[in-house]
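With positions in the sequence shown counted from 1, the corresponding number in the working numbering is that position plus 960. Glycine included, every Cβ here is placed at the ideal spot set by N, Cα and C. Since the structure comes first, as structure tokens, the remarks are kept for the end.
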Amino acid sequence: MRSRMIRIIAALTLTAAVVFGLTLHVSALDDTYRFDDLEMSIKFPKSFHVITVNSQSDDEVFQEVELDYDETITAFKAADIYLRAYEPDMAYQISMTVTKNDNSVSVNNYADLTSAERKSIIETILGDDSVSTATEVKHNGNIFIDLQRQTAADGKTVYINQSNTIVNGMQIDLTLQKPDEEITPEEAKALTNAANSLSFDHVRRNTGPVFDWWRLLLWVVILAALAIAISFIYRQYNKANKRKLEERRLMRRFSSVMEEEAPAHAEELRPMTFDESLGYKDDEEFTVRAEADEMADSDIKVKDRDPSKGIAFFEDEGSGIDDGSDYFDTYFEEPTEKRAWYQRFGSAIATWLKMAAKHTGYFFKNLFSKLFKRRKK
């Protein structure tokens, strides 16, 4: 058992040593070229002859590729070339150009575009007769458009493989050129390795304005307060309106009752005699009642009654006269059942939620319309 564990540990140690050695070997094959103003870097094999816009005049690479320092740097700056790498046998070269314009700033990053928008760019590139293929690929997480084309220069056919991308508002073109001979798969792999080694300090994605939760909360509070205020005003208005409607309804019912009672009281509308105004049919009944009152020692004597005050003056227990006022006072008093507190509270909450949902819907509708409009631009 012990010997088995020793063999396992030895195997793991050997594997780790091999992986570590390969890592060192691979890293030793590449040189990193840093561009601080672009916040980016790229790698090329040590065997390549590399000139950058930051190269110094005493760099031996100018003698190796037989180029004049001043002329080369001037040409680099005029064409926005930041780097050019020559294959050891000078069979081909790879150039890196970086430009920044209104179009690249507007796009910002190929990854910010939709697949349909990138497809439209590819179709535009394929519209060039010199381009044979154009495809969308990913190198080190960044989206590139790889294309192949050929042109004629100085009586020679130049074969070109190119990897194009836009990152952080910069258009970056890695271009492999080889005169007279087609580019082999191994040579094309050198361009792919360069694109894969391209790295940025920060990749700034244009995903629209940052969503401000505090601003959303403020809008929700404002809308809620507005909904409560509107609900309160609406309830007050509705309460006043109901009161007016109730008064109108009572007036209509009163008018209806009066119209129904009019035939029954038609007899009462005729002119009354003096005896009738006192509550008696004729003089004989008046005399009989008066004598009865005298005998019963009634508090209200006939002789004390003033006919000018009308029937209401004689309305007492002894006379039994009723002018009908009590009937009209109580007929229209209809008891109204008041709602319980929880019913009123539930109604207020329902009204508030309805208004809040309505105005919140308007808010999100305007918010999403602005976001989609900016995305389309």
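For residue i, tell me which candidate among the options has the shortest Cα-Cα distance.
i: P1092; options: H1099, K1079 and D1106; result: In the sequence on display, residue 1092 carries Ser and not Pro. Answer by Cα proximity: D1106.
i: I1054; options: T1034, D1062, L1043 and N1063; result: L1043
i: L1073; options: E1147, S1090, E1096 and A1316; result: E1096
i: I1132; options: D1161, S1075, N1069 and G1101; result: N1069
i: D1161; options: V1127, F1323, K1325 and L1210; result: V1127
i: I1085; options: D996, S1123 and E1206; result: S1123
i: Q1023; options: S1001, P1005, F1004 and Y1046; result: Y1046
i: W1312; options: D996, I1188, K1006 and Y1322; result: I1188
i: M902; options: V1163, R1078, A1076 and D1089; result: It is not possible to answer for residue 902, since the shown part of the chain is limited to 961 through 1337.
i: F1004; options: Y993, L998 and V1067; result: Y993
i: I1002; options: Y1052, T1152 and I1082; result: T1152
i: N1166; options: S1066, F1324 and G1306; result: S1066
i: M1050; options: R1203, L1210, V1021 and A1076; result: V1021
i: R1304; options: K1199, S1215 and E1206; result: K1199
i: T1144; options: Y1052, L1331 and S1329; result: Y1052
Taking the beta strand (DSSP E) that residue i belongs to, which residues open and close that run?
i: Q1137; result: M1130 to P1139
i: D991; result: D990 to F995
i: V1058; result: Q1053 to T1059
i: V1118; result: K1116 to V1127
i: V1097; result: V1091 to H1099
i: T1012; result: H1009 to T1012
i: N1069; result: Where N1069 is concerned, there is no enclosing beta strand (DSSP E), given that its DSSP letter is neither H nor E.
i: L1107; result: N1102 to A1113
Would you please state the rounded distance, in angstroms, between the beta carbons of residue i and residue j? I believe it to be under 8 Å.
i: S1080; j: G1129; result: Actually they are not in contact, since the Cβ atoms of S1080 and G1129 sit about 20 Å apart, beyond 8 Å.
i: I1120; j: L1136; result: 7 Å
i: I1103; j: A1148; result: 19 Å between Cβ atoms; not a contact.
i: T1059; j: I1041; result: About 10 Å separates the two Cβ atoms, so there is no contact after all.
i: A1316; j: L1183; result: 6 Å
i: A1339; j: H1099; result: Any answer about residue 1339 is impossible in this case: the structure gives the chain only from 961 up to 1337.
i: V1118; j: T1125; result: That belief does not hold up - the Cβ atoms of V1118 and T1125 are roughly 22 Å apart, past 8 Å.
i: K1006; j: D990; result: 7 Å
i: L1186; j: H1319; result: 7 Å
i: R1109; j: S1090; result: 4 Å
i: F1008; j: W1179; result: In fact, because the Cβ distance is near 58 Å, the residues do not count as touching under 8 Å.
With residue i as the anchor, note down where its alpha helix (DSSP H) starts and where it stops.
i: V1025; result: Here V1025 belongs to no alpha helix (DSSP H), and DSSP marks it neither H nor E.
i: T1032; result: Y1029 to A1038
i: R1078; result: S1075 to L1086
i: S1157; result: P1145 to S1157
For residue i, which beta-bridge partners are listed by DSSP?
i: L1046; result: The question names Leu, but residue 1046 is Tyr in the sequence shown. Paired residues: H1009 and Q1053.
i: E1160; result: Looking at the sequence provided, one finds Phe at residue 1160 rather than Glu. M1000.
i: I1041; result: T1057
So with Cβ pairs under 8 Å, would you call residue i a contact of chain B?
i: Y1046; result: In the displayed structure, chain B is absent; only one protein chain is listed.
Between the segment 1174-1184 and the segment 1140-1151, are three or more C-beta pairs nearer than 8 Å?
Here the segment 1174-1184 does not lie against the segment 1140-1151, with fewer than 3 beta-carbon pairs under 8 Å apart.
Okay, do the segment 1183-1193 and the segment 1026-1039 touch, 3+ Cβ pairs below 8 Å being the bar?
no
Whether or not the segment 1033-1042 and the segment 1002-1015 are in contact is what I'm after, with contact meaning three or more pairs of Cβ atoms, one per stretch, closer than 8 Å; do they touch?
yes
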